[in-house]
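Right, one structure below, let's go through it.
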Amino acid sequence: PARCNFRTARLSSVPGFDYEETEGTLEFPAGATERFIEIEILAKRMEEIADKFLLILDEAEGAKFDTQEGGNRDSHTQTIMIGVNDADEGASKWLDATFNCDEVSLGLTEWRVQFMEAIFCGGTWESQREASCFDLVFHFVSLPWKLFFWPVPPKVFVGGWVCFIVSLAYIAFLTAVIGDMAEIFGCVLEIPDIVTGISFVALGTSMPDLFASRHAAVEDPTADAAIINVTG
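Following this line, the structure appears as structure tokens:
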């Protein structure tokens, strides 16, 4: 007997709009040479172009993957296409090919969820009703900042570039505000700018980065976010 795990991963297809995400384990009893994986494919509009997603097999036990057909010793990947490629004409098809309409719909949905998470403690009304007094106080103290950063779009749009550019704009704006506030603070207390910069400003900006880097290094699978402290 042999077994392996399987899961889907998106390419141009969007889970929930083009197909339903699936994962599980394939069991091969002794003597079995094939097994079937059921993946629900959702209906596509006529103006949409063909999309793709991946089916990944990994963590095999009692067998090895064929390295000749899109696989390696640890996993096997199969590209699955939804739709047909003759739908490449017309303005609507060009629009879907350029911006991926399903991806835009997913982004708008995530944006609405992002707003609800900013408004309610815990992200939902049900969670807010069960929140402790400390959680509610912390939520209302941080609510202005949550609403301030809510317009930052989800990373779904245009491969994350919209989120990246808007985030840079927010960082530039906050940096300018912090610099002006530090200069005013030093002027009021008659503290030189260099002293204010290496004390109050550094403490207020680098310390949060330090704790964020530590959290990323401990909790994140790849710890990529741990390098953000270099900006301090």
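If you use the numbering used here, the sequence shown corresponds to residues 443 to 674, in order. Beta carbons: idealized from backbone N, C-alpha and C, even for Gly. Only a predicted model underlies this, so the values are computations on that prediction, with no experimental measurement involved.
query: Length of the line joining the Cα atoms of Val600 and Glu661; result: 28 Å
query: Complete runs of the alpha helix (DSSP H) confined to the segment 634-673 [at least 4 residues]; result: 635-638 and 644-661
query: Cβ contact check for the segment 517-527 and the segment 571-587: 3 or more pairs under 8 Å; result: no
query: Beta-carbon proximity check, Arg449 vs Ile479, cutoff 8 Å; result: no
query: Cβ-Cβ separation, Val598 to Gly549 (assumed contact under 8 Å), whole Å; result: 4 Å
query: Alpha-carbon to alpha-carbon, Asp508 and Glu559; result: 45 Å
query: C-alpha gap between Thr638 and Val619, whole angstroms; result: 15 Å
query: Test item: CB-CB of Asp516 and Cys446 under 8 Å; result: no
query: Close beta carbons around Cys605, own chain, < 6 Å, minus the five adjacent residues each side; result: Pro595 and Lys597
query: Sequence-distant residues of its chain with Cβ nearer than 7 Å to Trp553 (five each side left out); result: Pro595 and Pro596
query: Reduced DSSP secondary structure (H/G/I, E/B, other) of Arg571; result: helix
query: Cutoff 7 Å; reference Phe459; Cβ partners in own chain excluding five residues on either side; result: Leu484, Asp544, Ser547 and Leu548
query: Under the three-state DSSP convention, the category Ile498 falls into; result: strand
query: Residue(s) in a DSSP beta bridge with Thr475; result: According to DSSP, Thr475 bridges with nothing at all.
query: Endpoints, the alpha helix (DSSP H) within which Ile491 is located; result: No alpha helix (DSSP H) contains Ile491, which DSSP labels as neither H nor E.
query: With 16 other Cβ atoms within 10 Å as the buried cut-off, status of Ile626; result: exposed
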